[in-house]
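Each residue of the sequence shown is one higher than the last, beginning at 1 in UniProt numbering.
Glycine residues also receive a C-beta, built at the ideal position from the N, C-alpha and C atoms.
Keep in mind it's a predicted model, so treat the numbers as computed, not measured.
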Amino acid sequence: MSLDSEHSEFARLIAQHGRSVRGYIMANVPRFSDADEDWQEATVRLWLEFDKFEPASNFAAWAIRVAYFVILTSQRIRKSLRRCVEQRLLNAELPL
Numbered sequence: 001m002s003l004d005s006e007h008s009e010f011a012r013l014i015a016q017h018g019r020s021v022r023g024y025i026m027a028n029v030p031r032f033s034d035a036d037e038d039w040q041e042a043t044v045r046l047w048l049e050f051d052k053f054e055p056a057s058n059f060a061a062w063a064i065r066v067a068y069f070v071i072l073t074s075q076r077i078r079k080s081l082r083r084c085v086e087q088r089l090l091n092a093e094l095p096l
């Protein structure tokens with residue numbers, strides 16, 4: 001498949017199934033801003049891994065699976081950042 005036809009096919013599939021994938025992310029990520037970031041990351045990851053997608057298979061199912069792992073990774077990162085910030089706040093010297 002040429003790069004132009006690959007771009008076209010990817011764009012077509014995202015246009016057709018993107019709402020379902022985004023809905024899945026929105027349903028599983030409480031904060032809108034975090035969900036929006038995860039949607040953007042999932043879209044990039046889908047494009048980067050598009051050569052692994054089997055054309056005869058279900059794009060929506062594949063894309064939601066990719067989104068699932070994006071969400072898990074993002075949640076781990078956010079949790080780690082929260083812990084880091086909390087620890088810094090606890091260790092900070094407060095003026096009296």
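Status (buried if at least 16 other CB within 10 Å, exposed otherwise) for residue i
i	result
D4	exposed
I77	exposed
T73	exposed
V85	exposed
D51	exposed
Same chain only: Cβ atoms within 6 Å of residue i, ignoring 5 sequence neighbours per side
i	result
F59	L13 and H17
Distance between residue j and residue i (C-alpha atoms, nearest Å)
i	j	result
R19	A35	13 Å
Test item: CB-CB of residue i and residue j under 8 Å
i	j	result
W47	F10	yes
A42	V66	yes
Residue i CB to nearest heavy atom of the ligand FMN below 7 Å
i	result
K52	Judged by which ligands are present, the structure shown has none, so any question about the ligand FMN falls away.
Range covered by the alpha helix (DSSP H) that runs through residue i
i	result
E37	F32 to L48
Cutoff 8 Å; reference residue i; Cβ partners in own chain excluding five residues on either side
i	result
E37	S74
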